[in-house]
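Residue numbers (my numbering): 12 to 202.
Now the structure itself:
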């Protein structure tokens with residue numbers, strides 16, 4: 012088994028990729044992440060103790076468990092299987108002030124596990140932290156959109172199919188009307 016280090020995860024994410032790569036759908040990039048980091052992702056629960064002891068280690072663990080998981084397992088339920096760990100890491104890191112030790116756009120990765128949560132309290136915390144600790148209007152808009160969907164449905168309907176959940180009529184109407192993009196446009200219009 013070839014485990015990568017926290018520094019290798021951070022170097023890949025912040026030096027080899029650009030911010031434009033972070034959120035785009037790209038099969039070749041997904042394959043590259045899977046080839047390089049899948050074994051490390053599978054061992055993430057065991058890395059928590061050592062990587063979670065520092066701000067940069069926590070950042071790498073969050074990228075691995077909240078971001079790369081979505082790339083490496085795109086279209087499969089396993090894409091969300093380490094969300095619980097990402098939330099635990101992020102809550103611990105925030106309590107210890109690790110998020111404040113990371114500058115610029117990298118700080119957002121401490122708040123995204125809360126934004127990806129289907130728990131309203133996590134959504135509220137994500138919005139609050141982004142408002143207080145970042146100067147990032149676009150990121151705040153996305154956090155508000157995630158919160159609005161959880162407020163409305165208590166879950167993210169666009170995950171239903173891959174997670175084997177039944178989609179309600181209201182959720183189907185939401186998905187058919189543009190889902191996340193429609194919520195973003197509505198919130199932008201309110202500003």
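Virtual Cβ for every residue (Gly too), placed ideally from N, Cα, C. Bear in mind the structure is a predicted one, so any value in this text is a computation, not a measurement.
| query | result |
| --- | --- |
| Check the Cβ-Cβ distances between residue 29 and every residue of chain B, and say whether any is below 7 Å. | Of the chains in the structure shown, none is chain B; there is only one protein chain. |
| By DSSP, does residue 1 sit in helix, in strand, or in coil? | Because residue 1 is not part of the residues shown, which for the chain are 12 to 202, the question remains open. |
| Just checking my contact of residue 86 with residue 72 at CB under 8 Å: how many whole Å lie between their CB atoms? | Their Cβ separation, rounded to whole angstroms, is 24 Å, which puts residue 86 and residue 72 out of contact at 8 Å. |
| For residue 190, I'd like the list of residues in its chain whose CB is within less than 6 Å of its CB, leaving aside the five on either flank, ordered along the chain. | 169 |
| Could you tell me whether the Cβ atoms of residue 122 and residue 137 are closer together than 7 Å? | yes |
| For the alpha helix (DSSP H) containing residue 196, list its first residue and its last residue. | 190–201 |
| Considering residue 39, what are the terminal residues of the alpha helix (DSSP H) in which it resides? | 38–53 |
| Out of 174, 152, 89 and 13, state which residue places its alpha-carbon closest to the alpha-carbon of residue 199. | 152 |
| Keeping to the same chain, check which residues put their C-beta closer than 7 Å to that of residue 41; ignore five residues upstream and five downstream. | 82, 83 and 85 |
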